[in-house]
Each structure stands twice: as C-alpha cells, then as structure tokens.
Amino acid sequence: MEKLITKTGLFMEVFIMENTQEKFFIRWWGCASVEIAIADINLVIDPYVRPDEPIYDYIFCTQEHFDHFHRETLLKLCQGPRFKKLVVNIGCVSPGQPIEKVYGAAALTSGLPADFLRQDGLQVLYPKYLKSEGRSFAGSFEIQLGRLAVEAVESGEEPSPDIPSNGYLITDTQTNLSFYHTGDLWETYPNLEKLKNRVDFLFHMKMGWNKRWDLLRQLVEYVRPRYFVPIHYRTDSASYPIPRLYSYDEPIEAQVKKHWIPDIDDPNAYIETLREHLCDLTQIAPLTAGRSYEILIPSKTIRWEWKMIS
Numbered sequence: 433m434e435k436l437i438t439k440t441g442l443f444m445e446v447f448i449m450e451n452t453q454e455k456f457f458i459r460w461w462g463c464a465s466v467e468i469a470i471a472d473i474n475l476v477i478d479p480y481v482r483p484d485e486p487i488y489d490y491i492f493c494t495q496e497h498f499d500h501f502h503r504e505t506l507l508k509l510c511q512g513p514r515f516k517k518l519v520v521n522i523g524c525v526s527p528g529q530p531i532e533k534v535y536g537a538a539a540l541t542s543g544l545p546a547d548f549l550r551q552d553g554l555q556v557l558y559p560k561y562l563k564s565e566g567r568s569f570a571g572s573f574e575i576q577l578g579r580l581a582v583e584a585v586e587s588g589e590e591p592s593p594d595i596p597s598n599g600y601l602i603t604d605t606q607t608n609l610s611f612y613h614t615g616d617l618w619e620t621y622p623n624l625e626k627l628k629n630r631v632d633f634l635f636h637m638k639m640g641w642n643k644r645w646d647l648l649r650q651l652v653e654y655v656r657p658r659y660f661v662p663i664h665y666r667t668d669s670a671s672y673p674i675p676r677l678y679s680y681d682e683p684i685e686a687q688v689k690k691h692w693i694p695d696i697d698d699p700n701a702y703i704e705t706l707r708e709h710l711c712d713l714t715q716i717a718p719l720t721a722g723r724s725y726e727i728l729i730p731s732k733t734i735r736w737e738w739k740m741i742s
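Be aware that the sequence shown starts at 433, since it is given in the working numbering, and climbs by one per residue.
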C-alpha cells in the first residue's frame, strides 16, 4: 500500500493508493474455464478450447468430463517454459471402468487418462472437505505452489464415491486474496461452512442454472464469499469465446460434442434473478466471457471499465 500526501490550503489530505506494483486479474473464458493472474503467476481452471496459449504456470481440472478435462486443450497448455504443474482429481488419472458404462457417453471422457505428462508435472488431490463423514482418502488434500495455497473441496457429478471430483480453494498467501471454483457442484453440505469468510471470489453455476434457489442460497450462506461470479453457462452470442461448430438441426448428442450448446436465452434476466436471491449475502459479479477484469489490492474490488465504441 502506498500513501500520497497532498496539501490543499491549510489542510493536508492523505490518499490511500492501491498497490500498483503487482497486478491481479480474472477472466472467464466460457464454460467453466477461469483464468486468474496473481502478480507474476498465471493459472487456469478447467480450460476448455479457450484459452489455448501456453502461458500458464499452474492448470487445474475439477473432474474428468470433457468440458473440464479437455485433452486437446491441455496438450496445448501443458508445455513451454512457464508450465509447472497440472492439478487434477483422481478421476482424471484413474477414471471409472468401463468408461462407456460408468460415464454414460464415451465422448465425455474420450481424452482420459492424463498420461501425457512427466510425473513431477502432475499432482492428484483428494478433497480435504467432504460431503459426508465415514469416507477417507490417503491424500494429498492440499498443495503449496509458490505463494499459492491450494485446498481441494469435494464437488459433484462423481461416477462413484471412491472417485471424488474437486473444487479448488486457491489463496494468495501474500495478499490473502482467495478464489473458490466449485466445479460441477449440484448440492450443499455442512463441511462447506469451513470455508466461511475465507473466499473473496466464488465461481459457480449449477444450482442457479437449474433454479434450485434454496440450495444456491445455502451454499452462499455456508461460504459467505465477497463476490459470487456466475460461470458455466453459454449464450448464443457471437462474441462467446468458445466457437460454435454445430448447427441446430444436428442431434443434441452431436451438438454437445462440438463445443457445448447454449443453455440460457436471457443472461441479463438470469443475473438479476441471482441478485434477487443472494443480494443480502454477497455481491453478484457478472463477467463478460473473454474479457479480463482487474482486481484491486488491498480493497479486493473489481475495476469495472468500459468505453463507448461509436
């Protein structure tokens, strides 16, 4: 933090300035793909088609479905001088077998397993915070990646109880700025309360998309994030970063294989409905897919910027 001192007449004014030495950004790339820049560290969670440039130090996959573990995208990103580690749930390494029977559609998991990296470039995490008692895993449950502390949180859409999926709580230990990506979480559970007041930015979609407002509210009551960032939905906008390679006259199964189909017809109405249900618990922060947003430190607020284009 810096102080700028100015004098106006007989009065001295002190302005607290945001830290200009380090920059912090978030970007939603569409689907569940979220990019986070913490000073000189770049990371991305669930990259799917976009981004596609190998500029990331750390990459995270929450589960083994095609829109979270996308082999074609990962092969592009898990290379180059910056790349250090891919963090995944156990299903990305040891998926349920036979795949067609366990997952229902081979197309959703055709890129498995994660066998394209050297051993020190891959880290499997099990959930530190579980949906139910009576289950235990050998670990690891958390990892330190430079200045980043990462904890795995159980998510959803698991093929079986012994193949848990992950959300990730990522905390910058120098600024205490924190991000929780829930993965495909469809239900709440009491252990989520252990994250209460520890999350600045919560990235989530599923419960609101399915209009399960009671469960969505329970999630936010458990965690109490500073911001709730809705993701994992697609509009029919031409500006959406993930290209649409299908036509609407194709069977739905074919459309799904060709880069994810639109599922919300009016995103503004969706966002306003989220506000109605959650405004007393958190601040809704809708991001335009593909655009980068700066986070100001130490206030942990988003710098909202726009300009006239005509």
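Quick reminder that beta carbons are idealized off the backbone N, C-alpha and C, glycines included.
Status (buried if at least 16 other CB within 10 Å, exposed otherwise) for residue i
i      : result
Met740 : exposed
Asp697 : exposed
Asp604 : buried
Ala721 : buried
Trp738 : exposed
Ser669 : exposed
Pro675 : exposed
Pro513 : exposed
Ser597 : buried
Gly571 : exposed
Ser587 : buried
Leu651 : buried
Asp472 : exposed
Asp616 : buried
Pro683 : exposed
Pro622 : exposed
C-alpha gap between residue i and residue j, whole angstroms
i      : j      : result
Ser465 : Pro483 : 8 Å
Ser564 : Ala546 : 27 Å
Lys643 : His500 : 22 Å
Asn608 : Ile468 : 14 Å
His497 : Gln606 : 33 Å
Asn700 : Leu562 : 34 Å
Gln555 : Ile477 : 14 Å
Thr714 : Gly528 : 37 Å
Leu728 : Phe633 : 13 Å
Ile734 : Pro591 : 37 Å
Phe391 : Asp681 : Residue 391 lies beyond the stretch modelled for the chain, which goes from 433 to 742, so this question has no answer here.
Pro673 : Val481 : 9 Å
His664 : Met637 : 6 Å
Ser724 : Trp461 : 9 Å
Ile716 : Leu624 : 19 Å
Trp736 : Ile491 : 26 Å
Asp489 : Glu589 : 27 Å
Arg503 : Pro479 : 10 Å
Lys732 : Phe635 : 15 Å
Gln551 : Glu619 : 33 Å
Arg579 : Phe660 : 24 Å
Phe569 : Thr505 : 29 Å
Lys626 : Val585 : 10 Å
Ser742 : Ser671 : 18 Å
Ile703 : Gly599 : 22 Å
Thr705 : Thr614 : 20 Å
Sequence-distant residues of the same chain with beta carbon closer than 8 Å to residue i, five excluded per side
i      : result
Leu549 : Cys510 and Leu518
Gln576 : Val582
Ser526 : Pro545 and Ile595
Gly553 : Cys510, Phe515, Lys516, Lys517 and Leu518
Minimum C-alpha distance to residue i - residue among the options
i      : options                           : result
Lys628 : Pro662, Thr614 and Tyr654         : Tyr654
Tyr558 : Ala701, Asn521, Asp632 and Ser610 : Asn521
Cys711 : Ser526, Trp645 and Leu624         : Trp645
Leu719 : Gln453, Lys455 and Cys463         : Cys463
Ile487 : Pro479, Trp461, His502 and Phe515 : Phe515
Gly566 : Asp594, Glu589, Ser742 and Gln576 : Asp594
Glu485 : Val652, Leu577 and Asn474         : Asn474
Leu507 : Tyr659, Pro622, Ile703 and Gly543 : Gly543
Gln453 : Ile470, Trp460, Trp461 and Arg459 : Ile470
Arg658 : Leu677, Leu651 and Val631         : Val631
Ala581 : Ser610, Gly599 and Glu589         : Ser610
Arg656 : Arg666, Asp695, Trp618 and Tyr612 : Tyr612
Closer than 8 Å to chain D by CB, residue i
i      : result
Arg482 : In the structure shown, chain D cannot be found, because there is only a single protein chain.
Residues bridged to residue i [DSSP beta-bridge criterion]
i      : result
Glu583 : Glu574 and Leu601
Lys517 : Tyr490
Glu467 : Arg459 and Val476
Arg482 : Tyr480
Leu554 : Leu518
Thr733 : Leu728
Cut-off 6 Å between Cβ atoms - residues of its own chain near residue i, not counting five sequence neighbours on either side
i      : result
Glu583 : Lys560, Glu574 and Leu601
Leu648 : Met639 and Gly640
Cys524 : Cys493, Glu496, Phe501 and Ala546
Arg459 : Glu467 and Ser724
Glu726 : Phe457 and Arg735
Arg707 : Ile716
Sequence-distant residues of its chain with Cβ nearer than 7 Å to residue i (five each side left out)
i      : result
His709 : Trp645, Leu648 and Arg649
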